[in-house]
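Below is one structure; the comments refer to it alone.
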Amino acid sequence: MPILPKRKLPEEAEIPTASMADIAFLLIIFFMLTTVFTRDKGLKIVLPEKTQQVVKIKGERIIKISINDRGEIFLGEEPITLADLKVRVQQRIKDYKQAHGGKDPLVVIRTNVDAPYERMIDVFDVIKQIPEARAVSLASIRTGGG
Amino acid sequence: MRMQRLKKEGKINIPTASMSDIAFLLLIFFMVSTVFRKEIGLKVTLPEARATERIVKTRNIAHVYIDKNGRISVDDVIVQPKDVTLRFKLKLAENPAIISHVKADKRVKYDYVDKVLEALREAKALRVVFATDYKR
């Protein structure tokens with residue numbers, strides 16, 4: 001067996017790390033450019049749970065807002081404009097609270113199924129802007145009963 | 001004058017050894033906080049509302065798209081309103097804190113939105129957000 005000449009020990013192995021920062025920053029820039037910031041936003045609501053038993057609510061506790069198939073808005077039975085709605089509903093809530101010892105009334109938005117979705121959002125937006133309106137419910141009207 | 005002083009102080013260098021640590025830290029932060037959008041969805045024009053709020057918990061969001069022709073899309077599949085229930089039941093089983101983000105076109109008839117809401121109620125997905133844009 002030939003004797004191998006003793007190898008000289010290498011000085012010291014070193015990994016060049018000077019360009020590591022460059023690589024990392026390059027990756028950061030890549031991620032920043034490819035990330036699409038999509039902020040999800042909208043109007044929150046919690047739907048009522050579906051139960052077998054019917055929950056009965058006194059008629060006077062309900063503040064009814066209806067939207068018909070042409071997109072016209074009614075507070076109770078009388079027609080109203082979007083601009084007036086906020087003040088009127090606010091007043092109704094205040095009156096109810098005074099009469100019933102601070103109990104919250106229920107605001108119900110009944111939308112005809114043929115009405116444009118935008119109208120319902122317009123009304124819901126107005127109600128959302130009233131801090132006193134805590135209980136809001138959505139319902140639909142089908143033409144010819146319902 | 002100035003030259004003389006510089007010579008006296010010797011070479012000035014900024015320590016760059018920890019630069020890569022900082023960069024990688026930033027990189028990891030970006031990678032962890034990025035949520036990749038998985039679906040393409042449908043083309044919708046959102047309605048505008050003044051009371052629009054941001055949803056903070058981005059990870060719990062499931063989208064439902066309703067375009068102006070009343071087509072409903074969940075997970076990039078066109079579905080019937082009654083299929084929404086099943087799909088959301090599965091989503092809720094995976095993550096009970098799910099928030100349904102209803103992205104409906106502003107011109108769509110309320111009927112379609114109502115059907116989707118009914119389906120979500122059926123699936124017990126009660127936390128709903130109607131997608132809107134900020135009103136200027």
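If you're matching them up, the sequences are chains A and B in order. Residues 1 to 146 in our numbering are what the first sequence lists, from first letter to last. Residues 1 to 136 in our numbering are what the second sequence lists, from first letter to last. Using N, Cα and C, we set each Cβ at its ideal position, and we do this for glycine too. As the structure is a prediction and not an experimental result, all values here were calculated from the model.
Item: Pull out every residue of the segment 101 to 130 of chain A whose Cβ sits closer than 9 angstroms to any Cβ of chain B, in chain order.; Value: Thr111, Asn112, Val113, Asp114, Ala115, Pro116, Tyr117, Glu118, Arg119, Met120, Ile121, Asp122, Phe124, Asp125, Val126, Ile127, Lys128 and Gln129
Item: Quick one: give me the first and last residue of the alpha helix (DSSP H) that Leu27 of chain A is part of.; Value: Met20 to Thr34
Item: Could one say the Cβ of Asp114 of chain B lies closer than 7 angstroms to chain A's Cβ atoms, at least one of them?; Value: yes
Item: Would you please verify whether the beta carbon of Gly42 of chain A is less than 7 angstroms from any beta carbon of chain B?; Value: yes
Item: Might you give, ordered along the chain, the residues of its own chain that have their beta carbon closer than 6 angstroms to the beta carbon of Ser66 of chain A, omitting 5 neighbours on each side?; Value: Phe74 and Arg110
Item: Consult DSSP for Ile57 of chain A and reduce its assignment to one of helix, strand or coil.; Value: coil
Item: Taking buried to mean at least 16 other C-beta atoms within 10 Å of its own C-beta, is His100 of chain A buried or exposed?; Value: exposed
Item: Quick one: Cα of Ala23 of chain B to Cα of Ile28 of chain A, how far?; Value: 8 angstroms
Item: So which residues of chain B does Arg39 of chain A contact, with C-beta pairs closer than 9 angstroms?; Value: Arg54, Ile55 and Thr58
Item: What three-state label does DSSP hand Pro81 of chain B in the structure shown?; Value: helix
Item: Rounding to the nearest angstrom, what Cα-Cα distance links Ser18 of chain B and Ile15 of chain A in this structure?; Value: 15 angstroms
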